[in-house]
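Asks:
In the working numbering, the protein residues as written are 24 to 286.
1. If residue 46 and residue 94 are in contact, beta carbons under 8 angstroms, what's the gap, nearest whole angstrom?
2. Under 8 angstroms, do residue 117 and residue 92 count as touching if we go by C-beta distance?
3. Could you pull out every residue in the same chain whose Cβ sits closer than 6 angstroms to the Cβ of residue 235, ignoring the five residues on either side in sequence?
4. Confirm, please, whether the CB-CB distance from residue 187 to residue 301 is below 8 angstroms.
5. Between residue 112 and residue 99, is the Cβ-Cβ spacing less than 8 angstroms?
6. Is it a yes or a no for the segment 167-181 touching the segment 135-149, going by three-plus beta-carbon pairs under 8 angstroms?
7. Looking only at its chain, what residues have a beta carbon closer than 6 angstroms to the beta carbon of residue 119, apart from the 5 residues adjacent to it on each side?
8. Using DSSP bridges, identify the partner residues of residue 35.
9. Tell me the DSSP secondary structure of residue 102 in three-state form.
10. Would you kindly report the start and end of the unbroken alpha helix (DSSP H) that includes residue 182?
11. Name the one or two DSSP bridge partners that residue 235 has.
12. Are the CB atoms of residue 195 and residue 138 nearer to each other than 8 angstroms?
13. Taking the beta carbon of residue 73 as the centre, do at least 16 other beta carbons fall within 10 Å, making it buried, or is it exposed?
14. Buried or exposed, going by whether 16 or more other CB atoms sit within 10 Å of the CB of residue 66?
15. Looking only at C-alpha atoms, which of 41, 59, 79, 34 sits nearest to residue 49?
16. Could you compute how far the alpha carbon of residue 127 sits from the alpha carbon of residue 101?
17. According to DSSP, is residue 192 helix, strand or coil?
18. Cβ atoms of residue 76 and residue 109: under 8 angstroms apart, would you say?
19. Output needed for residue 107: all residues of its chain with C-beta closer than 6 angstroms, excluding positions within five of it in sequence on either side, in chain order.
20. Just tell me which of 60, 55, 200 has its CA closest to the CA of residue 180.
21. Does the separation of the CB atoms of residue 54 and residue 140 fall below 8 angstroms?
22. Considering Cα atoms alone, identify which of 89, 198, 184, 80 is closest to residue 136.
23. For my contact list, residue 242 and residue 227 are in at a C-beta cut-off of 8 angstroms; report their separation, rounded to the angstrom.
24. In angstroms with no decimal places, state the Cα-to-Cα distance between residue 163 and residue 152.
25. Helix or strand or just coil, what does DSSP make of residue 139?
26. What span of residues does the beta strand (DSSP E) with residue 76 cover, start to end?
27. On the DSSP bridge assignment, give the partners of residue 159 in chain order.
28. Give me, in chain order, the residues of the same chain whose beta-carbon lies closer than 7 angstroms to that of residue 24; leave out the 5 immediate sequence neighbours on both sides.
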């Protein structure tokens, strides 16, 4: 048996003799099945034969991806804290070179993932580093490879230690979460909160590839969930969306206002 990986979204499925009949994550309107090639599956071995790791500094944080880009181009960030390293978000690719580099940085105490589009090969990563994966209970149904390493949490916030706090925002997914990093006064958000070309603002979507917006009520909920954390932060260095450091407090307010004015 081998583990099959969805080429479109990067989700790894449990070991089996044949590919899954379908990928529920791609069939959901927040993702898509490519119109040109349909649902394609790669074995774990095929994924590694066609890609190699891409590890680089992302504004002082170690960023981990692969080249050529795979699935939706996910990248993971290695967040260091006094309670141990946390991998924020995850990717499908994992090999001995990546394991060696992460171990050289101190290994992993935990993995935390913003939403199902980044679940990828999270179980493979958890096994490699002997750590837990933290996702919100509301996303249990989107875990395609159940495993004892996955820790589902309830409520609105969850402390990981070392000044790292998971904040449930919802929006893009009901249990969509962001990571507040007190030491850096930063917010790691995946695409629960999305930077747009005009760097003065952020935006929020139900589906990015299919351009389905969120209603104003859900945008306001995200802003309210983040307000206590933004209030403590220095406006010049308070958030990090993807790979960009930004004045996120103003953007959250402006982004919410833009959508409320136009929906």
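All C-beta atoms, glycine included, are put in the ideal place defined by N, C-alpha and C.
The model shown is predicted, which means the values in this text are computed figures rather than measured ones.
Replies: According to the data block:
1. Taking the first residue of the chain shown as 1, we reach residue 46 at position 23. Taking the first residue of the chain shown as 1, we reach residue 94 at position 71. Contact doesn't hold; Cβ gap of about 11 angstroms is too wide.
2. Walking along the chain shown from the start, residue 117 turns up at place 94. Walking along the chain shown from the start, residue 92 turns up at place 69. Their beta carbons are not under 8 angstroms apart, which means residue 117 does not touch residue 92 by this criterion.
3. Numbered from its first residue, the chain shown carries residue 235 at position 212. Counting only Cβ-Cβ distances below 6 angstroms, and skipping sequence neighbours, we find 229.
4. Since the displayed the chain opens at 24 and closes at 286, residue 301 lies outside it and no answer follows.
5. By 1-based counting over the chain shown, the position of residue 112 is 89. By 1-based counting over the chain shown, the position of residue 99 is 76. A contact, by the Cβ cut-off of 8 angstroms.
6. Result yes; three or more Cβ-Cβ pairs closer than 8 angstroms.
7. What you label residue 119 is simply residue 96 of the chain shown in a count that begins at 1. Nothing meets the Cβ criterion.
8. Translated into the one-based positions of the chain shown, residue 35 becomes position 12. DSSP lists 28 as partners of residue 35.
9. Sequence index remark: in the chain shown, residue 102 carries index 79 (1-based). Secondary structure at residue 102: strand, using DSSP grouped into helix, strand and coil.
10. Position 159 of the chain shown holds residue 182. Taken as a continuous stretch (DSSP letters only), residue 182 belongs to no alpha helix (DSSP H), being part of the beta strand (DSSP E) at 180-184.
11. Position 212 of the chain shown, counting from 1, holds the residue named residue 235. Beta-bridge pairing links residue 235 to 230.
12. Here residue 195 refers to the residue found at position 172 when the chain shown is read from its first residue. Here residue 138 refers to the residue found at position 115 when the chain shown is read from its first residue. Contact: yes.
13. As a working note, residue 73 is residue 50 in the chain shown. The Cβ neighbour count for residue 73, taken over all protein chains shown within 10 Å, is under 16; the residue is labelled exposed.
14. Residue 66 sits at position 43 when you count from the first residue of the chain shown. Residue environment for residue 66: exposed (fewer than 16 other C-beta atoms within 10 angstroms of its C-beta).
15. Mapped onto the chain shown, residue 49 falls at position 26. Minimum Cα distance to residue 49 is reached at 34.
16. Locating residue 127 in the chain shown gives position 104, where the first residue counts as 1. Locating residue 101 in the chain shown gives position 78, where the first residue counts as 1. The alpha-carbon atoms of residue 127 and residue 101 are separated by roughly 12 angstroms.
17. The residue you call residue 192 lines up with position 169 of the chain shown. Looking at residue 192 - three-state DSSP - the assignment turns out to be coil, as it is neither helix nor strand.
18. As a first step, residue 109 is located in the chain shown; it is residue number 86 there, counting from the start. As a first step, residue 76 is located in the chain shown; it is residue number 53 there, counting from the start. No, the pair does not count as a contact, with Cβ atoms beyond the cut-off.
19. Here residue 107 is taken as the residue at index 84 of the chain shown, counted from 1. The answer, listed in chain order, is 132.
20. If you number the chain shown from 1, residue 180 lands on position 157. By alpha-carbon distance to residue 180, the top candidate from 60, 55, 200 is 200.
21. Looking up residue 54 in the chain shown gives position 31. Looking up residue 140 in the chain shown gives position 117. Yes.
22. As a first step, residue 136 must be located in the chain shown, where it is residue number 113. Residue 198 is the option with its Cα nearest to residue 136.
23. For the purposes of this step, residue 242 is identified with residue 219 of the chain shown, where counting begins at 1. For the purposes of this step, residue 227 is identified with residue 204 of the chain shown, where counting begins at 1. Right, the Cβ-Cβ distance comes to about 5 angstroms (below 8 angstroms), so this counts as a contact.
24. Indexing the chain shown from 1 puts residue 163 at position 140. Indexing the chain shown from 1 puts residue 152 at position 129. Between the alpha carbons of residue 163 and residue 152 lies a gap of roughly 22 angstroms.
25. Looking up residue 139 in the chain shown gives position 116. DSSP, read as helix, strand or coil, puts residue 139 in helix.
26. Residue mapping note: residue 76 aligns to position 53 of the chain shown, counting from 1. The continuous beta strand (DSSP E) containing residue 76 extends over residues 75-81.
27. As a first step, residue 159 must be located in the chain shown, where it is residue number 136. Note: residue 159 sits in a beta bridge opposite 176.
28. By one-based count along the chain shown, residue 24 stands at place 1. 38, 39, 40.
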